[in-house]
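Here the numbering used here is used: the first residue of the sequence shown is 74, the next is one more, and so on. Built from N, CA and C at the ideal position, the CB exists for glycine as well. Down below is the structure, laid out as structure tokens.
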Amino acid sequence: RRFSARLANNNGVYTLTAWNNDAPNTVYRWQWTDQAAAAGNRAGLAIWDMPDGHFDYVRVLDLPELTPVTPFEITRISVEGGRVVLDINKPATANYHVLRASDVSGPYTTNAANQSASQYSELLPVGTAYFYRLQLLP
Numbered sequence: 074r075r076f077s078a079r080l081a082n083n084n085g086v087y088t089l090t091a092w093n094n095d096a097p098n099t100v101y102r103w104q105w106t107d108q109a110a111a112a113g114n115r116a117g118l119a120i121w122d123m124p125d126g127h128f129d130y131v132r133v134l135d136l137p138e139l140t141p142v143t144p145f146e147i148t149r150i151s152v153e154g155g156r157v158v159l160d161i162n163k164p165a166t167a168n169y170h171v172l173r174a175s176d177v178s179g180p181y182t183t184n185a186a187n188q189s190a191s192q193y194s195e196l197l198p199v200g201t202a203y204f205y206r207l208q209l210l211p
């Protein structure tokens with residue numbers, strides 16, 4: 074009986090899908106986690122104990138190497154010259170809103186909209202503690 078199979082490895086999450094070529098709506102799927110493939114690894118297929126088994130078609134695809142993603146986060150909060158200063162790690166072209174709340178659980182409101190610098194500062198609030206959060210703009 075002829076069947077087709079597809080094996081995919083997504084960073085160590087393996088998925089095997091098989092279907093009968095004469096009844097392609099009958100699909101079987103298995104998924105498991107194992108070691109991710111390292112750069113330069115090879116892919117292969119084998120047939121065990123099937124003297125009439127053969128491959129009609131084999132194709133191996135590789136994704137291009139991904140560019141590391143720059144984290145979007147406040148890396149430091151300091152007080153300098155009567156100002157609160159936030160050091161921000163962000164992608165080079167990213168814009169963001171600075172949100173502020175008087176309680177860690179919120180509600181947070183936009184304090185400064187559409188910022189782009191890697192540092193944000195404002196006058197130090199008197200008599201009130203604030204919690205800061207950033208919102209990345211699409």
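Report task. Compare the beta carbon distance of Phe204 and Asp176 with 9 Å and say whether it is the shorter of the two. Result -> Taking the sequence shown and counting its residues from 1, one reaches residue 204 at position 131. Taking the sequence shown and counting its residues from 1, one reaches residue 176 at position 103. Yes, Cβ-Cβ distance for Phe204 and Asp176 is below 9 Å.
**Report entry** For Leu159, the nearest candidate out of Phe76, Leu89, Leu197 (CA to CA)
**Finding:** Locating residue 159 in the sequence shown gives position 86, where the first residue counts as 1. Measuring from the Cα of Leu159, the nearest candidate turns out to be Leu197.
Query - CA-to-CA distance, Tyr87 to Ala81, given in whole angstroms - result: To locate residue 81, count along the sequence shown from 1; it is residue 8. To locate residue 87, count along the sequence shown from 1; it is residue 14. C-alpha separation (whole angstroms): 6 Å.
Query - Spatial distance of Gly154 from Val171 (CA atoms) - result: Locating residue 154 in the sequence shown gives position 81, counting from the first residue. Locating residue 171 in the sequence shown gives position 98, counting from the first residue. Between the C-alpha atoms of Gly154 and Val171 there is a straight-line separation of about 20 Å.
Query raised in the report: Taking Ala282 as the reference, which of Gly179, Ser178, Glu195, Pro211 has the closest Cα?
Result: The structure shown does not extend to residue 282, since the chain spans only 74 to 211, so no value can be given for it.
Report task. Please state whether DSSP places Asp176 in a helix, a strand or coil. Result -> For the purposes of this step, residue 176 is taken as residue 103 along the sequence shown, with counting starting at 1. Asp176: coil per DSSP, three-state reduction.
**Report entry** Trp92 versus Gln104: straight-line alpha-carbon distance, rounded
**Finding:** Counting from 1 along the sequence shown, the entry for residue 92 is found at position 19. Counting from 1 along the sequence shown, the entry for residue 104 is found at position 31. So the two alpha carbons sit approximately 15 Å from each other.
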